[in-house]
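Right, one structure below, let's go through it.
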Amino acid sequence: MTQKKTGASRRDFFKTMGAAGAASLLLGPGSALAAETMTAPRRPFGNSGVQVSTLSLGGMFDIVTNQLVLHQALKLGVDYWDTAYSYTGGRSEEGIGRYFTRFPKVRERIFLVTKAHRRTPEDLQEQLEESLQRLKTSYVDLFFVHAIREPGDVNQPEIKAWAAKMKKQGKIKLFGFSTHRNMAECLAAAPGMGFIDGIMMTYNYRIMHDKDMNQAVEACHKAGIGLTAMKTQGGGPVADDSEGEMQLGGRFLKKGFSPFQAKMMAIWEDQRIAAICSQMPNLTILQANAAASMSRTALSAGDRRALAAHARATAGCYCAGCAGICEDALDGVAPVADVMRGLMYARSHRDLELARQTLAEALPAGPEALLAMDFSPAQAACPQGLPIARLMREAAEEMA
Ligand code: SF4
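Per my numbering, residue 122 is the first one in the sequence shown, and the count goes up by one each step.
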C-alpha cells in the first residue's frame, strides 16, 4: 500500500473545521439551532428494559475542570455517561460526582457506567466503593470488569456471586465487562456465562466484517446482552493518513458529513449495537458526534462499499486485537496487542501520555524490554500482516 503522508488526524480535522463548522455537518443551514432543539435517539440496552442514548459520553478526560461538556451533553440528550476507576487518576469520576453534587436531580436521568480493573470480588468491591464515593452516588447503572483479556477473567463463580450480591444491595443495576482484546472470543462466551447484562467492545467499520465477530455480536444480541461499541474510528498503530483516507474524507464531505461521522453512522446502522461510546473531551467533538447520531441522512450502499474497501486496503494499518494469535506465538512473553493499542493512542489519537500509560500498565519492565525480544514468530502469524518487529522497536523508542 502506498501512503502519502499528510499528517491529518481527527483532532486536526476539527481544528480546521472549527466548532460551528463541524457541528453544522449533516444538519444543514441553521444547524446550530437544530442541534440545540434535537436530542440523540435512544435504543433498548439489551433486555434490560432500559433505553439509552445511542451516543455515550466517553469520560476518559479531566471532568473536574470540564463540567460544561456534561451540561451540553445533557442538552443534546446524551445521558449515557461512561467512566472508569482508572481514568485520569480519578478526575473523571470526581468530575461526574462534582456535577451530581451541583445538580442533584440529574443523577436519576443518567445511565452511569464505571469500571474496575481488578479481578477478585474483594478488589472489585474496594474499587466500586471508592468509585461510588467519587461519583457521589449510591449506585451505578452498569458496572464493568475493565478490559478483560479472555473470558476467564470474568467467568468465575466468585465474580458471578459478587455481582448478584451487589445487585441485591442496590449498588449496581447491571453487570458486564469491557474488552479490546480477543473480542470475538470474549463476546462468544458471554451468553453462556449467564450473568452478563452488558458489554463494551472495540467495534468499527473494519471489525464489523469479521465473521467470528459478527457471529459473536449476533449471539450476544439474541441473548439480550446490551452492546456498546468503542474505538469506532478504527484507528491503528500505523496512522492511516493514506491517499485513500483523504479520498474517503472528500467523498463524505461532499455529502455534508465528515469521515469521522460516517464511520460512526456505519456502526449505528447495526441495530444490534445499543450505543457508541466516544471520548468527547470538548464541545466540538460532542456537537459533531451528536449531530451524526441525529442524522436524517443515511449512508448509501456506495458509501458502505467505500468504507469496506478502505478497511481492506488499509488492513495493514490496523491491529484487530486478536492477541491470542501473536502472543501465543511468543508463548505469552510480550503484550503485543497492548503495545499496539499504545501505538494507536500515540499515532491515531495523538495522545502520547495515554500511550505511555497503556504501555506502563502492560509492560512493567519498561518499553526498552521490547528491544531485546524476537518478534518474528508473532509477525509470521499476524493475520493483518502488521510489521510487528518494526512497530515494537518504534514503540520502545517513542515511548521511552
Ligand atoms: S498484532 Fe496482529 S495478531 Fe496481534 S493482535 Fe494485532 S492484528 Fe492480531
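Glycine residues also receive a C-beta, built at the ideal position from the N, C-alpha and C atoms.
Is it buried or exposed for residue i, if we count other Cβ within 10 angstroms and need 16 for buried?
i, result
"GLY210", "exposed"
"ASP244", "exposed"
"THR186", "exposed"
"ALA143", "Because the pLDDT of ALA143 is 45, which lies under 50, any placement of that residue in the model is unreliable, and the number read from its coordinates should be weighed accordingly. By the neighbour-count rule (16 or more Cβ atoms within 10 Å), ALA143 is buried."
"LYS126", "The predicted position of LYS126 is uncertain, since its pLDDT is 36 and thus under 50; a value taken from the coordinates is nonetheless stated next. Exposed is the call here."
"ASN276", "buried"
"LYS352", "buried"
"ASN168", "exposed"
"GLU364", "exposed"
"SER469", "buried"
"ALA486", "exposed"
"LYS384", "buried"
"VAL173", "buried"
"LEU263", "buried"
"ASP495", "exposed"
"VAL261", "buried"
"GLY273", "exposed"
"THR241", "exposed"
"ALA237", "buried"
"VAL234", "buried"
In angstroms with no decimal places, state the Cα-to-Cα distance between residue i and residue j.
i, j, result
"ALA387", "GLU247", "39 Å"
"CYS440", "PRO456", "13 Å"
"ALA153", "THR175", "Only weak support exists for where ALA153 lies, its pLDDT of 44 falling under 50; the coordinates are left without a value."
"GLN408", "SER177", "13 Å"
"ASP318", "PHE296", "5 Å"
"MET314", "MET367", "43 Å"
"ARG219", "THR258", "11 Å"
"ALA395", "ALA337", "15 Å"
"ILE509", "HIS192", "43 Å"
"ALA310", "LYS375", "42 Å"
"GLY522", "LYS288", "Any answer about residue 522 is impossible in this case: the structure gives the chain only from 122 up to 521."
"CYS503", "MET304", "16 Å"
"PHE316", "ILE269", "15 Å"
"MET334", "PRO162", "25 Å"
"ALA360", "ARG239", "31 Å"
"ARG228", "PHE221", "6 Å"
"ALA501", "LEU451", "11 Å"
"PRO380", "ARG212", "31 Å"
"ALA340", "THR405", "36 Å"
"ASP331", "LYS343", "18 Å"
"THR160", "ASP449", "46 Å"
"MET513", "ALA493", "10 Å"
"LEU253", "PHE166", "22 Å"
"PRO225", "LEU256", "12 Å"
"LEU420", "GLY377", "11 Å"
"TYR326", "LEU507", "18 Å"
Spatial neighbours of residue i within its chain, please: CB distance less than 6 Å, with the 5 preceding and 5 following residues excluded, ordered by chain position.
i, result
"MET465", "GLY356, GLY357, PRO358"
Please work out which residues of its chain come closer than 8 Å, Cβ to Cβ, to residue i, disregarding the five sequence neighbours upstream and downstream, and give them in chain order.
i, result
"MET520", "GLY463, ALA467, LEU473, ALA476, ARG477, LEU480, PRO488"
"TRP522", "This structure cannot settle anything about residue 522, because the visible part of the chain is limited to 122 through 521."
"GLY151", "At GLY151, the pLDDT of 40 sits below 50, so the modelled position is not reliable; the number obtained from the coordinates is stated separately. No residues qualify anywhere along the chain."
Return yes when at least one heavy atom of the ligand MG lies under 7 Å from the C-beta of residue i, else no.
i, result
"PRO508", "Although the ligand MG was asked about, the structure shown includes only the ligand SF4 as ligands."
List the residues that DSSP assigns as beta-bridge partners of residue i.
i, result
"GLN172", "PRO165"
"ILE293", "VAL261"
"ALA396", "THR349"
"ILE317", "Bridge partners of ILE317: none, in fact."
"PHE298", "VAL266, ILE320"
If you drop the 5 nearest sequence neighbours on each side, which residues of the same chain put their C-beta closer than 7 Å to that of residue i?
i, result
"MET321", "PHE265, SER299, THR349, MET351, CYS398"
"SER497", "ALA510"
"GLY345", "GLY167, ASN168"
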